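Presented below is the structure to which this report refers.
Protein chains in written order, with the numbering used here: chain A, 48 to 353; chain B, 478 to 800.
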């Protein structure tokens with residue numbers, strides 16, 4: 048039981064790290080640019096497809112990852128220029144519609160370019176296999192590597208946001224956009240940077256998770272909604288909130304699915320517990336979100352909305 | 478005085494447009510018989526059902542500025558009310574609608590009360606998340622087919638008769654419901670309640686200042702809208718004779734918003750027109766290419782960028798009416 052718990056805890060943290068990488072960009076785009084971007088999940092999917100292609104072309108996961116990053120920047124730049132930029136001054140409703148259109152375009156475009164059958168990305172040799180944790184407990188090295196690289200990116204992001212000039216502008220932009228532009232900061236350039244940064248983080252998440260998932264057109268969808276929950280819980284515009292929210296959501300989801308039915312079995316008969324557990328587990332994160340919002344409508348670290 | 482004078486003729490104009498649309502719908506079975514294409518009736522029923530849903534969504538989106546991105550959930554509640562009640566031997570359409578409306582009212586009251594504590598982007602994302610919650614609930618409902626859904630044994634009965642098994646009766650029943658609900662929605666919008674709702678859309682702080690609690694009005698509108706949408710779900714389940722969680726995916730919620738905006742928000746007739754145009758466009762594009770979503774996505778982006786007020790806006794520009 049303890050072993051299962053540790054295993055699921057690690058799985059939860061790994062999912063949380065991925066969610067954080069996606070949510071960080073999303074929350075910045077919301078917070079600084081005041082743009083609701085439904086196409087953010089699609090960027091995660093593009094990251095996975097890009098590394099699948101580049102890894103197959105070069106025969107190496109690492110070269111693929113290296114090529115994926117500039118491609119991700121390019122994708123982010125083009126999307127911002129063509130679709131997002133005209134939407135800055137528009138209502139949230141318009142942004143929802145246009146980015147919803149973008150989701151349709153990209154999903155269909157991916158089907159045309161890569162076909163509908165799922166792709167797989169080979170795991171790099173150096174990171175395959177498992178290492179022993181405690182006693183007989185083994186854990187795949189690659190998943191640990193995901194956790195490590197995610198934490199490294201989170202730390203890097205922390206340094207950039209809190210100790211650099213760009214980070215200062217980011218924080219200022221998330222607090223009061225009008226004031227920042229009134230002080231003579233080139234807001235257009237700042238927005239492009241933020242969007243490209245978010246795109247790279249989402250693509251990176253998609254790329255590193257590609258070897259342990261099948262890469263298909265639906266992969267952006269489920270993640271997008273979970274990421275929304277993370278951003279709402281953490282508070283829009285807050286990186287710290289995104290981190291805590293991501294870990295919280297992932298742990299509740301992962302542990303709830305495994306231990307929900309086990310806990311329920313203590314109070315009801317096994318068959319009913321299994322059915323109730325399966326029904327309740329996927330709803331847990333939304334119940335968590337509702338509870339947090341009930342207490343704090345602007346999320347854990349959000350500014351109060353008026 | 479001058480304001481009412483300017484508004485009145487346009488409102489009645491819209492009602493004339495609506496009557497025109499209803500008349501065109503009523504003639505559809507004739508077309509279907511003449512062209513010997515019984516499939517038209519099923520397409521017609523589907524369009525009428527979505528018109529109800531779009532109108533219901535416009536009630537809160539257009540008149541209350543509440544962008545609900547989870548409205549497909551209510552379509553699902555309506556559809557599953559048919560499936561679940563039928564399974565337990567309750568087959569009458571009126572009871573199916575009653576069940577759907579009750580379930581939707583409860584869900585809308587709870588999630589609406591939580592969602593309305595927030596504004597703007599938060600509201601959009603929270604309604605989306607609640608919609609997904611309902612979606613996952615029905616996916617895990619294995620006795621009703623889970624992810625795959627389940628076919629209906631039979632359509633709802635109409636006061637004990639099997640009349641709805643005929644596509645023609647189902648179509649006219651749907652149309653009758655659309656007309657009744659349109660009349661109801663028009664009354665709501667024109668009532669004191671509707672005026673307060675529009676007031677909260679324009680400036681909720683000011684409404685509060687003159688002594689009205691916006692929250693109560695918004696929540697009531699949210700619940701009414703959810704219930705109305707679930708009626709569309711009941712019709713859709715009967716039309717397809719099949720229910721599945723696909724009725725409530727977030728893409729469906731997005732399509733409902735597209736219909737409302739396409740027609741021009743804050744305009745019940747426009748929402749109906751928007752549903753007609755969006756569904757016909759989808760069907761037409763799907764006939765031309767299997768990648769119709771690509772074309773539809775491009776159309777959506779262009780519409781947002783170049784025609785923000787939808788069809789109504791374009792028509793009014795043609796007629797030289799200025800907002």
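Think of the CB as a built atom: it goes at the ideal place given N, C-alpha and C, for glycine as much as any other residue. These numbers were taken from a predicted model, which means no experiment stands behind them.
Legend entry - Segment contact, 8 Å Cβ cut-off, at least three pairs: the segment 569-586 of chain B with the segment 521-537 of chain B: no
Inset, instruction - Report the residue from B/551, B/730 and B/556 whose alpha carbon sits nearest the alpha carbon of residue 713 of chain B. - result: On the second chain, position 236 is the one that residue 713 of chain B refers to. Of the candidates B/551, B/730 and B/556, the one whose C-alpha sits nearest the C-alpha of residue 713 of chain B is B/556.
Inset, instruction - Give a yes or no on whether 8 Å exceeds the smallest Cβ distance from residue 156 of chain A to chain B. - result: The count along the first chain starts at 1 and reaches residue 156 of chain A at position 109. So, interface residue.
Inset, instruction - Starting from the Cα of residue 118 of chain A, find the closest Cα among A/73, A/99, A/203 and A/135 and give me that residue. - result: Position 71 of the first chain, counted from the first residue, corresponds to residue 118 of chain A. Measuring from the Cα of residue 118 of chain A, the nearest candidate turns out to be A/99.
Inset, instruction - Out of A/170, A/297, A/260 and A/156, point me to the one whose CA is closest to residue 188 of chain A's CA. - result: Looking up residue 188 of chain A in the first chain gives position 141. Measuring from the Cα of residue 188 of chain A, the nearest candidate turns out to be A/170.
Inset, instruction - Starting from residue 317 of chain A, trace the alpha helix (DSSP H) both ways and give me its first and last residue. - result: Position 270 of the first chain, counting from 1, holds the residue named residue 317 of chain A. From DSSP, the alpha helix (DSSP H) with residue 317 of chain A extends over 317-327.
Legend entry - Cβ of residue 333 of chain A within 8 Å of any chain B Cβ: By one-based count along the first chain, residue 333 of chain A stands at place 286. Closer than 8 Å: yes.
Inset, instruction - Run down chain A in chain order and give the residues with a C-beta less than 7 Å from the C-beta of residue 720 of chain B. - result: Your numbering for residue 720 of chain B matches position 243 in the second chain. Chain A residues near residue 720 of chain B: none, gap ~17 Å exceeds 7 Å.
Legend entry - Opposing strand residues paired with residue 628 of chain B [DSSP bridges]: Here residue 628 of chain B refers to the residue found at position 151 of the second chain. Partner(s): B/719.
Inset, instruction - Answer yes or no: do residue 217 of chain A and residue 75 of chain A have a C-beta to C-beta separation smaller than 8 Å? - result: If you number the first chain from 1, residue 217 of chain A lands on position 170. If you number the first chain from 1, residue 75 of chain A lands on position 28. Against a cut-off of 8 Å, the Cβ pair of residue 75 of chain A and residue 217 of chain A comes out as a contact.
Legend entry - Cβ contact check for the segment 633-646 of chain B and the segment 509-521 of chain B: 3 or more pairs under 8 Å: yes
Legend entry - Residues from the segment 589-611 of chain B in contact with chain A, defined by Cβ distance under 7 Å: 591, 594, 595, 596, 597, 598, 599, 601, 602, 603, 605, 606, 607, 609 and 610
Inset, instruction - Mind listing the chain A neighbours of residue 771 of chain B? Cutoff is C-beta to C-beta under 8 Å, in chain order. - result: Stepping through the second chain from its first residue, residue 771 of chain B is reached at position 294. Chain A residues near residue 771 of chain B: 151, 152, 155, 156 and 159.
Inset, instruction - Let me know if residue 813 of chain B comes out buried or exposed under the rule of 16 or more other beta-carbons within 10 Å of its beta-carbon. - result: Since the first residue shown for chain B is 478 and the last is 800, residue 813 of chain B is missing from the structure and cannot be characterised.
Legend entry - Given 8 Å, three or more beta-carbon pairs between the segment 98-113 of chain A and the segment 242-260 of chain A: yes
Legend entry - Buried versus exposed, by CB contacts within 10 Å (16 or more), residue 51 of chain A: To locate residue 51 of chain A, count along the first chain from 1; it is residue 4. That one is exposed.
Legend entry - Length of the line joining the Cα atoms of residue 737 of chain B and residue 602 of chain B: Sequence index remark: in the second chain, residue 737 of chain B carries index 260 (1-based). Sequence index remark: in the second chain, residue 602 of chain B carries index 125 (1-based). Computed Cα separation, rounded: 18 Å.
Inset, instruction - Report all residues from its chain with a CB closer than 7 Å to the CB of residue 733 of chain B; omit the five preceding and five following residues, and keep chain order. - result: Counting from 1 along the second chain, the entry for residue 733 of chain B is found at position 256. Same-chain partners within the cutoff: 530, 531, 534, 548 and 549.
Legend entry - residue 345 of chain A versus A/202, A/281 and A/324, residue with shortest Cα-Cα distance: Position 298 of the first chain, counted from the first residue, corresponds to residue 345 of chain A. Nearest option by C-alpha distance: A/281.
Inset, instruction - Take every Cβ of the segment 289-307 of chain A, pair it with every Cβ of the segment 328-338 of chain A, and state whether three or more of those distances are shorter than 8 Å. - result: yes
Inset, instruction - Give the straight-line distance between the Cα atoms of residue 787 of chain B and residue 773 of chain B, rounded to the nearest whole angstrom. - result: Position 310 of the second chain, counted from the start, is the residue given in the question as residue 787 of chain B. Position 296 of the second chain, counted from the start, is the residue given in the question as residue 773 of chain B. Straight-line Cα distance between these residues: approximately 15 Å.
Inset, instruction - Using a threshold of 8 Å, state whether the C-beta atoms of residue 130 of chain A and residue 149 of chain A are closer than that. - result: Here residue 130 of chain A refers to the residue found at position 83 when the first chain is read from its first residue. Here residue 149 of chain A refers to the residue found at position 102 when the first chain is read from its first residue. Cβ atoms of residue 130 of chain A and residue 149 of chain A: closer than 8 Å.
Legend entry - Where residue 614 of chain B meets chain A, residues with beta-carbon distance less than 7 Å: Counting from 1 along the second chain, the entry for residue 614 of chain B is found at position 137. Those are 326 and 330, listed as they occur along chain A.
Legend entry - Three-state secondary structure (DSSP) of residue 283 of chain A: Within the first chain, residue 283 of chain A is the residue found at index 236, counting from 1. Residue 283 of chain A falls in the coil class under three-state DSSP.
Legend entry - Short-range partners of chain A found in the segment 535-555 of chain B, where Cβ spacing is below 8 Å: 538, 544 and 546
Inset, instruction - Please classify residue 135 of chain A: does DSSP put it in a helix, a strand, or coil? - result: Here residue 135 of chain A corresponds to residue number 88 of the first chain, with the count starting at 1. Reduced to three states, the DSSP call for residue 135 of chain A is coil.
Inset, instruction - Whole angstroms is fine: what's the gap from residue 591 of chain B's alpha carbon to residue 341 of chain A's? - result: In the second chain, residue 591 of chain B corresponds to position 114, counting from 1. In the first chain, residue 341 of chain A corresponds to position 294, counting from 1. If you take the alpha carbons of residue 591 of chain B and residue 341 of chain A, they lie about 6 Å apart.
Legend entry - Between the CA atoms of residue 294 of chain A and residue 53 of chain A - distance to the nearest angstrom: The sequence position of residue 53 of chain A within the first chain is 6, counting from 1. The sequence position of residue 294 of chain A within the first chain is 247, counting from 1. The straight-line gap from Cα to Cα measures roughly 15 Å.
Legend entry - Host alpha helix (DSSP H) of residue 656 of chain B (start-end): Here residue 656 of chain B refers to the residue found at position 179 of the second chain. 644-667 is the extent of the alpha helix (DSSP H) around residue 656 of chain B.
Inset, instruction - Assuming residue 677 of chain B and residue 745 of chain B form a contact by the criterion Cβ under 8 Å, report the distance between their Cβ atoms to the nearest whole angstrom. - result: Taking the second chain and counting its residues from 1, the one referred to as residue 677 of chain B is at position 200. Taking the second chain and counting its residues from 1, the one referred to as residue 745 of chain B is at position 268. 18 Å between Cβ atoms; not a contact.
Inset, instruction - On a CA-only basis, which of B/624, B/790, B/659 and B/725 is nearest residue 493 of chain B? Give me that one, please. - result: Counting from one through the second chain, the residue named residue 493 of chain B turns up at place 16. Looking at the Cα atoms, B/659 is the closest of the given residues.
Inset, instruction - Inspect the beta-carbon positions of residue 577 of chain B and residue 707 of chain B and report whether they are closer than 8 Å. - result: Position 100 of the second chain, counted from the first residue, corresponds to residue 577 of chain B. Position 230 of the second chain, counted from the first residue, corresponds to residue 707 of chain B. Against a cut-off of 8 Å, the Cβ pair of residue 707 of chain B and residue 577 of chain B comes out as a contact.
Inset, instruction - Determine the direct distance from the alpha carbon of residue 769 of chain B to that of residue 349 of chain A, and round the result to whole angstroms. - result: Along the first chain, read from residue 1 onward, the residue named residue 349 of chain A stands at position 302. Along the second chain, read from residue 1 onward, the residue named residue 769 of chain B stands at position 292. In a straight line, the C-alpha of residue 349 of chain A is about 40 Å away from that of residue 769 of chain B.
Legend entry - residue 439 of chain A classed as buried or exposed, judged by whether at least 16 other C-beta atoms fall within 10 angstroms: Residue 439 of chain A lies beyond the residue range present for chain A, which begins at 48 and ends at 353; the question has no answer from this structure.
Inset, instruction - Determine the chain B residues that contact residue 344 of chain A at a beta-carbon separation under 7 Å, and present them in chain order. - result: As a working note, residue 344 of chain A is residue 297 in the first chain. Residues of chain B passing the Cβ test: 594 and 595.
Inset, instruction - Indicate the three-state DSSP secondary structure (helix, strand or coil) for residue 185 of chain A in the structure shown. - result: Against the first chain, residue 185 of chain A aligns to sequence position 138. Of the three classes helix, strand and coil, the one that applies to residue 185 of chain A here is strand, per DSSP.
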